[in-house]
Amino acid sequence: MFRVCLDQAWLSLGCRGLPVGAVVSFKGEDISRGRNRVYDPPGGDDPLQRTPVAHAEMNAIASAPPDFDLSDCRLWTTQEPCAMCSAAIDFAEIAGVAYLASDPSAGSGGRFVSSGGSDDIWIVVANALFLHNIAWLGGKDNPMLERNRLHEPEVVSLALNLVDHGSLMDPASRGASIEEALGELWDQVEETSLRRRSRLRSGS
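In the numbering used here, the protein residues as written are 1065 to 1268.
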């Protein structure tokens, strides 16, 4: 399911939005998908599009089949759900949540636990996508980047390097797949993951 979530996040990046993707699944099958649409251009058919609540998780929940009992479902997302999305998850009575990377902004206050290991390479991918767009849209001095230097210094460095070289926005804008884009950058992703893993294991 995380693979589908990353595809959704990549679509958001191509629309100059925050790259977050989510899926609601039932018995191993995805029943709805969502991506961040807060910054999408006008003209879409999503009722939440271009509103402050158009987060990936909100869109995935809103896209679930009408009258579908979500209490046996699981929500998957590339980033830890924010407080708003956490409240929607509770309201929809979704049974479980799986996410890759901790929310670089506020998060759910520790209510959910990441489904990957703390040194999972896909955490690097999810946060690199997210922080890349923060730097692209908000500049390299954005406070969120500064906060993340304390927790994810390797990923911040990767994200800034990618922005300098247009390494994600260019392929996303021309319609390349996430596999194509990551294939060209995989050496950098692996190197970042190894440095991050070494830091985590040393406890520094």
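Where is the CB? At the ideal position from N, CA and C, for every residue including glycine.
- Measuring C-alpha to C-alpha distances from ILE1153 to each of ALA1240, MET1122 and ASP1110 identifies MET1122 as the nearest.
- The three-state secondary structure of PHE1194, taken from DSSP, is helix.
- Distance from the CA of LYS1204 to the CA of ALA1128, rounded to the nearest whole angstrom, comes to 37 Å.
- For ARG1097, the three-state secondary structure derived from DSSP is strand.
- Beta bridge pairing from DSSP links PHE1090 with GLU1093.
- The beta-bridge partner set that DSSP reports for VAL1161 consists of LEU1139.
- In this structure, VAL1088 lies near LEU1139, with their beta-carbon atoms less than 7 Å apart.
- Annotation for ASN1212: the continuous alpha helix (DSSP H) segment containing it runs 1207–1215.
- In the assembly as shown, LEU1264 is an exposed residue. Its beta-carbon has fewer than 16 other beta-carbons within 10 Å.
- Rounded to the nearest whole angstrom, the C-alpha separation of ALA1151 and ILE1125 is 12 Å.
- For GLY1085, DSSP records a beta bridge to ARG1099.
- Around the CB of VAL1219, 16 or more other CB atoms lie within 10 Å, so the residue is classed as buried.
- GLU1210 is the residue among SER1237, PRO1235, ALA1236 and GLU1210 whose C-alpha sits nearest the C-alpha of LEU1224.
- Nearest in C-alpha terms to ARG1099, of all of TRP1074, PRO1116 and PRO1106, is TRP1074.
- When the five nearest sequence neighbours on each side are left out, the beta carbons in the same chain lying within less than 6 Å of the beta carbon of ASP1110 are those of ARG1101, in order along the chain.
- Along the stretch 1234–1266, the alpha helix (DSSP H) occurs as fully enclosed runs of 4 or more residues at 1242–1266, listed in sequence order.
- In the three-state reduction of the DSSP assignment, GLN1072 falls in the helix class, which pools H, G and I.
- In the DSSP assignment, ASP1109 falls outside any alpha helix (DSSP H), carrying neither H nor E.
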